[in-house]
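Residue numbers (numbering that gives the first Met the number 0): 0 to 104.
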Amino acid sequence: MVEALERINLAPGTPTALQRHQADLLAAAIVAYEDQICPPIEMTPHQVLVNLMENRKMTQADLLRLLNLSRTTANHIFHGTQAISKSNALKLAKLFAIDVDVFLA
């Protein structure tokens, strides 16, 4: 399910209404399954970001490119020395198909 969701979210161009609907359904199913198997662990926004990036084999370079950040800002966000802004939290939530609140402290 995660791979199917990533194919939709990371595909070039704007997703169709059907693809957005499919992505929403997949995301809800993934969350429900994961909540049953492993109850959520309290993590800081920084820890969530690092975990998600590691799972997808993303680098800081990917982060700065996807969020249009400077190298310094991407480094500070990645290492948790700078909070994630609301606008960047929204971009990350869309990219990873999760609730924006996990990126806001």
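Idealized CB from N, CA, C, for every residue including glycine.
Cut-off 8 Å between Cβ atoms - residues of its own chain near residue i, not counting five sequence neighbours on either side
i: Asp61; result: Met52
i: Asn50; result: Met42
Residues near residue i in its chain [Cβ-Cβ closer than 6 Å; skip 5 each side]
i: Leu103; result: Ala88
i: Leu66; result: Asn87 and Lys90
Nearest-angstrom Cβ-Cβ length linking residue i and residue j, presumed shorter than 8 Å
i: Ile29; j: Leu4; result: 7 Å
i: Ala96; j: Ala22; result: 6 Å
i: Gln122; j: Thr72; result: Residue 122 cannot be examined here, being either before or after the span of the chain that is shown, 0 to 104.
i: Arg70; j: Leu63; result: 6 Å
Residue range of the unbroken alpha helix (DSSP H) whose run includes residue i
i: Ile40; result: Neither: Ile40 is in no alpha helix (DSSP H) and is coded neither H nor E.
i: Thr71; result: Arg70 to His78
i: Gln59; result: Gln59 to Leu66
i: Ala92; result: Lys85 to Phe95
i: Val101; result: Unbroken run through Val101: none, as it is neither H nor E.
i: Arg6; result: Val1 to Leu9
Other residues of its chain near residue i: CB distance less than 7 Å, five sequence neighbours each side excluded
i: Phe101; result: Sequence check: residue 101 is Val here, not Phe. Same-chain partners within the cutoff: Pro44 and Val47.
Distance cut-off 7 Å: residue i Cβ against heavy atoms of the ligand ADP
i: Leu94; result: Here there are no bound small molecules, and the ligand ADP is not part of this structure.
CB contact below 8 Å: residue i versus chain C
i: Ala31; result: Included in the structure is just one protein chain, with no chain C present.
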